[in-house]
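One structure is given here, and the rest of the page talks about it.
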Amino acid sequence: MEFTINQLAELLNGEVIGNGETTVNKIGPLDKAGPGTISFLHNPKYESQLYTTKATAVIINRKLQLKESVQSALITVDDPYNSLTLLLKQYQKMTESEKVGVEEPAFLGEGSIIGESGYRGAFSYIGSNAKIGTNVKIYPHVYIGDNVKIGDNTLVYSGAKIYSNSIIGNSCVIHAGAVIGSDGFGFAPQPDGSFEAIPQVGNVILEDAVSVGANTTIDCGTMESTVIKAGVKLDNLIQIAHNVEIGENTAIAAQAGISGSTKIGKNCIVAGQAGIIGHLKIANQVTIGAQAGIGKSINSEGSILLGSPAFEIRDFKRSFAVFKNLPNMANRINDLEKKTLNLPPSEK
Amino acid sequence: MEFTINQLAELLNGEVIGNGETTVNKIGPLDKAGPGTISFLHNPKYESQLYTTKATAVIINRKLQLKESVQSALITVDDPYNSLTLLLKQYQKMTESEKVGVEEPAFLGEGSIIGESGYRGAFSYIGSNAKIGTNVKIYPHVYIGDNVKIGDNTLVYSGAKIYSNSIIGNSCVIHAGAVIGSDGFGFAPQPDGSFEAIPQVGNVILEDAVSVGANTTIDCGTMESTVIKAGVKLDNLIQIAHNVEIGENTAIAAQAGISGSTKIGKNCIVAGQAGIIGHLKIANQVTIGAQAGIGKSINSEGSILLGSPAFEIRDFKRSFAVFKNLPNMANRINDLEKKTLNLPPSEK
Amino acid sequence: MEFTINQLAELLNGEVIGNGETTVNKIGPLDKAGPGTISFLHNPKYESQLYTTKATAVIINRKLQLKESVQSALITVDDPYNSLTLLLKQYQKMTESEKVGVEEPAFLGEGSIIGESGYRGAFSYIGSNAKIGTNVKIYPHVYIGDNVKIGDNTLVYSGAKIYSNSIIGNSCVIHAGAVIGSDGFGFAPQPDGSFEAIPQVGNVILEDAVSVGANTTIDCGTMESTVIKAGVKLDNLIQIAHNVEIGENTAIAAQAGISGSTKIGKNCIVAGQAGIIGHLKIANQVTIGAQAGIGKSINSEGSILLGSPAFEIRDFKRSFAVFKNLPNMANRINDLEKKTLNLPPSEK
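Protein chains in written order, with the numbering used here: chain C, 25 to 372; chain Z, 25 to 372; chain V, 25 to 372.
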């Protein structure tokens, strides 16, 4: 599995600077790359590593103006990040063995239908009347409840739990330990202070190309569906409460939480550990900063918010700069009060 | 499964406004309801939907003063939320098949005793000397360690893990991936900077009617028990550390965390992503806001707190209102300083 | 299993005050201890319990100056916490039965090698070409992917999931539901707003004596390794993103999150629910407070930080004290403005 730099440049639609006949046989980050490695520069923060790396070849942006001399051969491309993706896909295909067939014991309930080319790992469980598409990979210890539907080419890693009646699209990836369709947190308070559970009879719908991170939880709707639209990417340990709707291609980072019945627009970004309270509406292309707490609906597209409770990031940063300086400000007010102590009261 | 509105009104002890002989066959939220659907209005925020809904019937509060005309038949009741709960329970009973019996392979250790009418899913594991009550449903991939006791009518969903010596009450619900009885995070620091694990030989006690959300973790006590009292409701992805005690009917929302040895009172509410540090005491009926950080014991019942570190919500909101305006305040102080620059210093 | 206080004092290298021939047969906390119990005092916060406890014996620090009379016999030692650890270890050894052998059905893939004295629980899964050391305990429902390496004396509790190619050291403890080696959250944004997954072909390395809490998730590196160095202790529900490196003996509390490519030094403490953004460097012996949000690299060893965004704890506390008082400060500025209203503008 050795390639010349010229071969890779052709694959990536890039141009070679340096010796295109040198060969590489692995992929690695700039700072850890040695001879035989092809690396890439995407984040400008790491540009200095380009001039010191021992990588045999580096993929860079066509537009990058070199500030120093580089030892490595270069492949210049439009988008190094996409080129890396392409290379890694090839690499993955060549190095990973594909899982196919059924490992015993595996449990398959009555009336369930499974498409071709799939994999069912040992101790995987599929309930009754499930419909599983073509080329679906179900790893060991996966639980799939009754009546679940899963589209084609979906990957469900070990120990993911999918409750009854969930609907999962094509080309989804569900990581280990994720829980889909658990009961929403709905309880009717009783006069004596106890709670009566409100039966949660809805389900979860994951549209196509949704990614669900490890140990993330998505509750079913109370009466309707919790809906994760096409292309949504969820990181690890995220909580999605009942009746939530998340718009196309929205990405949510680890440990964020979305409370019940909130609707998030398309192409939003929710950073890590952020929280959104229930029954809100978030416009499209909104960015919510790390640890932000959203307490009100966000109506204007493209807003960027920070803080808990959150407001516009620019305003937050200005307020926070003063916050760091508050003890000084308190002293200045003390001084002003001393100075004005003997002034006559305003006549206003 | 079609019912007349009169029939449902009788079940709910409500009164009918409109045509009681119309029939409905499903339950749904106001904004998505179509013909044949019965819906409900509980949250005043959604009252406007009452006047536009296509639901055939709507359950409303007896005291609600209608502001516009309504197309749907109405059932007026004392508490629409409780009525909905009742309806959903009926609906659930009629639509879900009950799990009973044993699916093979299932593992049952020596000396363990299991009550009648239960369910043990395939790949469920019960260790030695466990005592499981009547009508307990144990889903696939559940792990129950040695000497565990579980009361009657308890539901343990797929992949929940219950360590040895845990004691679980009657009518509890434990959702997928929840972990009960893992080691507390206790380490004795050594002179060389390393840590020596302190063996955690206590256990976890869940009293009756406790609900544990998906992927929530509850650590065992170091020497004693971590105790979750009757009626406590825990949402998903919550952390309960060792030796914690949570009082009756306290509800804790997703991703909140309670540190070691803290005791929380009865009827408290802890909102999402809130954190409480260790060795504190929280009084009864305290409400802790979303993302709040509690660093001190709360002694007065009924307190409501917000912020990190948290203080009384009213005070927090006043301080936060000024915080948002801090840049303006900084400018005003600059102006004041300019004005008073030439004043003689106070003689005080 | 009854011991005299003299016997325990000898084991703990301590001195007895009181009747050394009395016997004890259990260990418990001061406030819940009864006759026959040996207890300990480590946290000065609980000293008052020493004077009221019903414990038969208490382990205390040699240097403690008693303020009142004590009913219990005392064992004075250098470090009560370490003595407790020692006692609990003995207790655990005597009360817990050791798991050994294989419970069927258990799955073992081709080419995998397993050392002696180990345990493989029912429904545990080991893929192909794995290398498992001596005395490794693999509980039910554990998933171990292809090519995984695990050192000697490591404990993997029920339902932990270890993806292919992970490398786990000696004497590690991995708690229930932990996920090791899930894909990093890496997606290349496309012009149409959708995301293309970047294959994550790296792995996770856990060095020796690492502890991983329940439902904690550790993503594999993109091209390299995510590395958890020797002696690191991770609590429950923590997120460790791809390419992260955590230095020796660093301890991280529950629900904290470390974003991609961040490097944390040795002997650091990260408190609960804290978050660190990606691509940062944190020096050795840094302490990060609960719920803190770290947005910049921390270069000075021994720093203690708090707030979101975080800064030096001393400064944070000063600013926060003023924050709580902001409404009062706003009033004082209003007063000052009234007083200076008629002053001539500064001539400056």
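Virtual Cβ for every residue (Gly too), placed ideally from N, Cα, C. All figures in this text were calculated on a predicted structure; none of them were measured in a lab.
Report task. Return yes when the Cβ of S285 of chain V is within less than 8 Å of the Cβ of H303 of chain V, no when it is not. Result -> yes
Report task. Taking H266 of chain Z as the query, report the chain V residues whose CB atoms sit under 8 Å from its CB, ordered along the chain. Result -> None at all; the shortest Cβ gap to chain V is about 11 Å.
Query raised in the report: Any beta-carbon of chain Z closer than 8 Å to the one on E128 of chain C?
Result: no
Query raised in the report: Thinking C-alpha only, which one of Z:G205, Z:I186, Z:K287, Z:I168 is nearest T274 of chain Z?
Result: Z:K287
Requested in this report: Tell whether a beta-carbon distance below 8 Å holds between V180 of chain Z and V203 of chain Z.
Outcome: no
Report task. Give the range of the alpha helix (DSSP H) segment to which F344 of chain C is assigned. Result -> 337-348
Query raised in the report: Mind checking whether T145 of chain Z and P164 of chain Z have CB atoms under 8 Å apart?
Result: Note that residue 145 of chain Z is Gly in the sequence shown, not Thr. Going by C-beta atoms, G145 of chain Z is nearer than 8 Å to P164 of chain Z.
Query raised in the report: Using the beta-carbon of each residue, which ones in chain C are nearer than 7 Å to A212 of chain V?
Result: Y105, N106, T109
Query raised in the report: Would you say N273 of chain V reaches chain C, if we count a Cβ-Cβ gap shorter than 8 Å as a contact?
Result: no
Query raised in the report: Would K19 of chain V count as contacting chain C if we go by Cβ distances under 8 Å?
Result: Since the first and last residues shown for chain V are 25 and 372, residue 19 of chain V lies out of range.
Query raised in the report: Can we say the region 66-77 of chain Z touches the region 340-352 of chain C, given the rule of at least three CB pairs closer than 8 Å?
Result: no
Query raised in the report: If you follow the beta strand (DSSP E) that P213 of chain Z is part of, which residue opens it and which one closes it?
Result: 211-213
Query raised in the report: In chain V, which residues lie with their C-beta within 9 Å of the C-beta of I357 of chain C?
Result: M353, R356, I357, L360
Report task. Assign S206 of chain Z to one of three DSSP states: helix, strand, or coil. Result -> strand
Query - Inter-residue spacing [alpha-carbon to alpha-carbon] between K253 of chain V and R342 of chain V - result: 36 Å
Requested in this report: Determine whether the Cβ of D207 of chain C lies closer than 8 Å to any Cβ atom of chain Z.
Outcome: yes
Requested in this report: Can you grab the Cα-Cα spacing for the pair G22 of chain Z / Y115 of chain Z, in whole Å?
Outcome: For residue 22 of chain Z there is no data in the structure shown, the boundaries of chain Z being 25 and 372.
**Report entry** Helix, strand or coil at T162 of chain Z according to DSSP, with G and I counted as helix
**Finding:** Here the sequence assigns Ile to residue 162 of chain Z, which means Thr is not the residue at that position. Strand at I162 of chain Z.
Query raised in the report: At a Cβ threshold of 8 Å, is F344 of chain C touching chain V?
Result: yes
Query raised in the report: Which value, in whole angstroms, describes the spacing of the CA atoms of R86 of chain V and D102 of chain V?
Result: 6 Å
Query raised in the report: How would you label N358 of chain V, buried or exposed, when you count the other beta carbons within 10 angstroms and need 16 or more for buried?
Result: exposed
Requested in this report: Show which residues of chain C have a CB atom less than 8 Å away from the CB atom of N260 of chain V.
Outcome: The premise fails here: N260 of chain V is roughly 10 Å from chain C at the closest Cβ pair, so nothing lies under 8 Å.
Query - Identified DSSP bridge partners for D243 of chain C - result: C:S206
Query raised in the report: T246 of chain C and L261 of chain C look like a contact to me (Cβ under 8 Å); what is the Cβ gap, rounded to whole Å?
Result: 23 Å between Cβ atoms; not a contact.
Query raised in the report: If contact means a Cβ-Cβ distance below 9 Å, which residues of the region 291-306 of chain V contact chain Z?
Result: N291, A295, G296, Q297
Requested in this report: Taking only beta-carbon positions, decide if V180 of chain C is within less than 8 Å of chain Z.
Outcome: no
Query - Contact list for G125 of chain Z against chain C, beta-carbon separation under 7 Å - result: The contacting residues do not exist; G125 of chain Z stays about 13 Å from chain C at best.
Query raised in the report: In the structure shown, what three-state DSSP assignment does Y143 of chain C receive?
Result: strand
Query - Cα-Cα separation between Q89 of chain Z and V268 of chain C, rounded to whole angstroms - result: 30 Å
Query raised in the report: Would you say the region 97-113 of chain Z touches the region 36-43 of chain Z, given that touching needs at least three Cβ pairs under 8 Å?
Result: yes
Report task. Could you spell out where the beta strand (DSSP E) holding N85 of chain Z opens and where it closes? Result -> 81-85
Query raised in the report: Should N239 of chain C be flagged as near chain V, meaning a C-beta pair shorter than 8 Å?
Result: yes
Query raised in the report: By a C-beta neighbour count over all protein chains shown, 10 Å radius and 16 as the cutoff for buried, is T80 of chain V buried or exposed?
Result: buried
Query raised in the report: So, I192 of chain Z versus K173 of chain Z, is the Cβ gap smaller than 8 Å?
Result: yes
Requested in this report: Quick one: grab the DSSP three-state call for T364 of chain Z.
Outcome: coil
Query raised in the report: Is there at least one Cβ from chain Z nearer than 8 Å to I51 of chain V's Cβ?
Result: yes
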